[in-house]
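K.L.:
Residue numbers (UniProt numbering): 1 to 112.
In this text, a Cβ means the ideal position worked out from N, Cα and C, and glycines have one as well.
Structure in structure tokens, see below.
Written out as structure tokens, the structure is:
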């Protein structure tokens with residue numbers, strides 16, 4: 001997990017991404033835009049973190065080691081209304097529909 005000390009007023013964004021280059025790229029962009037990003041690279045670490053330190057936004061990869069992104073989105077929706085944006089290199093129509101159904105109104109397709 002990558003995290004820096006932040007001012008309490010700085011919006012916190014949780015990046016859940018197992019691809020190191022993409023994770024670092026997102027961190028760099030968000031820091032440059034004055035956000036406080038935290039990177040988690042394994043699905044099994046997400047729920048405990050979100051419960052303990054709720055972020056202001058979650059950027060969530062669909063395909064992760066451990067718990068996958070769709071399952072995480074569904075689980076987070078059971079206890080929180082934190083905005084979730086699904087981020088994936090694989091964007092099939094079924095993934096888009098599932099994301100909308102479980103509470104992720106936006107899906108972004110990315111590739112390096």
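(1) DSSP on residue 27, reduced to helix/strand/coil?
(2) What is the DSSP secondary structure of residue 78, counted as helix, strand or coil?
(3) If we ignore side chains and look at the alpha-carbon of each, how far apart do residue 137 and residue 52 end up?
(4) From the DSSP output, which residues share a beta bridge with residue 32?
(5) Assuming residue 10 contacts residue 36 under a Cβ cut-off of 8 Å, what Cβ separation, rounded to an integer in Å, is found between them?
(6) Using the Cα positions of residue 28 and residue 14, report the straight-line distance between them to the nearest angstrom.
(7) Using the three-state DSSP reduction, which class does residue 71 fall into: helix, strand or coil?
(8) Short check: CB of residue 82 to CB of residue 47, under 8 Å?
(9) Decide if residue 66 is buried, meaning its Cβ has at least 16 other Cβ atoms within 10 Å, or exposed.
P.N.:
The short version:
(1) helix
(2) coil
(3) Nothing in the structure corresponds to residue 137, since the chain is present only between 1 and 112.
(4) None; residue 32 has no bridge partner.
(5) 4 Å
(6) 13 Å
(7) The answer is helix: DSSP assigns residue 71 an H, G or I state.
(8) no
(9) exposed
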